[in-house]
Amino acid sequence: MIVSGSTSQALAAALARELDEPLAAVEYDSFPDGELLAAAPGVADAEPDRAVIVASTVSSDAHLEVLQLQDAVREAGVEEVVTVLPYMGYGRQDKAFEPGHPISARAVARAISTGADRVLTVDPHEEAVCEFFEPTATAVDAAGRLAEPLPGDLVDPVFLSPDAGAIDLAETVQNAYGAGETDYFEKVRHSGTDVEITPSDVDVADRDVVVVDDIIATGSTMSEAVGVLRERSVGRVFITCVHPLLARNAVTKLSRAGVEAIYGTDTIERGVSTVSVAPAIASHL
Ligand code: R5P
Numbered sequence: 117m118i119v120s121g122s123t124s125q126a127l128a129a130a131l132a133r134e135l136d137e138p139l140a141a142v143e144y145d146s147f148p149d150g151e152l153l154a155a156a157p158g159v160a161d162a163e164p165d166r167a168v169i170v171a172s173t174v175s176s177d178a179h180l181e182v183l184q185l186q187d188a189v190r191e192a193g194v195e196e197v198v199t200v201l202p203y204m205g206y207g208r209q210d211k212a213f214e215p216g217h218p219i220s221a222r223a224v225a226r227a228i229s230t231g232a233d234r235v236l237t238v239d240p241h242e243e244a245v246c247e248f249f250e251p252t253a254t255a256v257d258a259a260g261r262l263a264e265p266l267p268g269d270l271v272d273p274v275f276l277s278p279d280a281g282a283i284d285l286a287e288t289v290q291n292a293y294g295a296g297e298t299d300y301f302e303k304v305r306h307s308g309t310d311v312e313i314t315p316s317d318v319d320v321a322d323r324d325v326v327v328v329d330d331i332i333a334t335g336s337t338m339s340e341a342v343g344v345l346r347e348r349s350v351g352r353v354f355i356t357c358v359h360p361l362l363a364r365n366a367v368t369k370l371s372r373a374g375v376e377a378i379y380g381t382d383t384i385e386r387g388v389s390t391v392s393v394a395p396a397i398a399s400h401l
């Protein structure tokens, strides 16, 4: 039985269809003091052997909701609890940046592990975060699907990643598209929103470019990359990512930078989430 967190309702429904499993009735409420109450009455009614909780932890509330749903389904007597984090919040805080800082990814992973027999997460920023879970989480690869919404008529395309860390993603999308070349920019982050991009050597003049990253958060990285491309007489610029977090004014920032289109998956449910990761998740369940 599939149990949806409030942040991943469309994806949970898609997964239920994909697996031909029932989608549980759920309720999300809160008390007057602000405390949350996420419940799965549908699981208590149906008494399935397995509950698959699908919830992207895009906020601290969403984290808490996962813990509550895990507890609720266990309380309802299910034997196996599988937790799917399509997007794992705090995953980028995978080290202590300064003395006295927490390893936040590890802290949340440990908490979630206490209520799950298995955890799956889609394209984490660093696969090593999977080892913070006990047992080790499964990383689901959905990047190949990012080629699906791209126009079929890209002109001599270049698939660029904004830093060396995402070149594998760019290569995966280029392979799936079946044409073009790949390269990457050098990136230096000065603060949460201040990013400096150094151009790659590849000639982009009059060519269509697809910039590929794992996540667009504030949009600073992508808008800086698009700005660099615009200075070099690029053709059309498309941007695509697995996790379209798109915080604050990111969409406006990117639109003003001159992108043709933004594509993302439904690990985070936004207007640009045109690619579903449901089949990729289903293949691991
Ligand atoms: C960082 O290494 C990631 O791959 C992304 O490039 C980054 O998290 C994007 O963040 P923002 O959109 O805030 O620049």
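Here the sequence shown is numbered in the working numbering, starting from 117 and rising by one per residue. The beta carbon of each residue, even a glycine, is placed where N, CA and C say it ideally should be.
> Where residue 377 and residue 283 are concerned, what is the direct C-alpha to C-alpha distance, given to the nearest angstrom?
Replying inline: 20 Å
> Once you ignore the five residues that flank residue 209 on each side, which residues in its own chain have a CB closer than 6 Å to its CB?
Replying inline: 220 and 221
>> Measuring alpha carbon to alpha carbon, tell me which residue in 161, 162, 190 and 237 is nearest residue 399.
In response: Here the closest residue by C-alpha is 237.
> What's the gap between the Cα of residue 306 and the Cα of residue 327?
Replying inline: 21 Å
> residue 254 to residue 228, Cα distance in whole Å?
Replying inline: Each residue's alpha carbon lies about 14 Å from the other.
> Measuring CB to CB, does residue 143 end up less than 8 Å from residue 117?
Replying inline: no
>> Under DSSP, the beta strand (DSSP E) around residue 153 begins and ends at which residues?
In response: Run containing residue 153: 152 to 155, per the beta strand (DSSP E) assignment.
>> Just to check my reading of the structure: residue 296 and residue 315 have Cβ atoms closer than 8 Å, yes? What is that Cβ distance to the nearest angstrom?
In response: About 18 Å separates the two Cβ atoms, so there is no contact after all.
> In whole angstroms, what is the alpha-carbon distance linking residue 147 and residue 301?
Replying inline: 48 Å
> Do the stretch 121 to 136 and the stretch 385 to 394 touch if we need at least three Cβ pairs shorter than 8 Å?
Replying inline: yes
> Ordered along the chain, which non-local residues of its own chain (more than five positions away) have a Cβ less than 8 Å from that of residue 196?
Replying inline: 165, 166, 167, 233 and 234
> How should residue 213 be labelled, buried or exposed, when 16 other C-beta atoms within 10 angstroms of its C-beta is the threshold for buried?
Replying inline: exposed
> Do residue 245 and residue 216 have their C-beta atoms closer together than 8 Å?
Replying inline: no
> Relative to the ligand R5P, is the shortest distance from any of its heavy atoms to the C-beta of residue 330 smaller than 7 Å?
Replying inline: Because some heavy atom of the ligand R5P lies under 7 Å away, the Cβ of residue 330 counts as near it: yes.
> Assuming residue 361 contacts residue 341 under a Cβ cut-off of 8 Å, what Cβ separation, rounded to an integer in Å, is found between them?
Replying inline: Going by Cβ atoms, the distance from residue 361 to residue 341 rounds to 17 Å, so no, they are not a contact pair.
> Can you give the Cα-Cα distance for residue 162 and residue 151, rounded to whole angstroms?
Replying inline: 27 Å
>> Are there any heavy atoms of the ligand R5P lying less than 7 Å away from the beta-carbon of residue 208, as far as the coordinates show?
In response: yes
>> By the DSSP assignment, the beta strand (DSSP E) with residue 360 in it spans what residues?
In response: 353 to 360
> Could you give the distance in angstroms between the alpha-carbon of residue 225 and the alpha-carbon of residue 249?
Replying inline: For residue 225 and residue 249, the distance between alpha carbons rounds to 5 Å.
>> Is the beta carbon of residue 276 closer than 8 Å to that of residue 259?
In response: no
> On the three-state DSSP scale, how would you describe residue 161?
Replying inline: helix
> Does the ligand R5P have even one heavy atom less than 7 Å from the beta-carbon of residue 311?
Replying inline: yes
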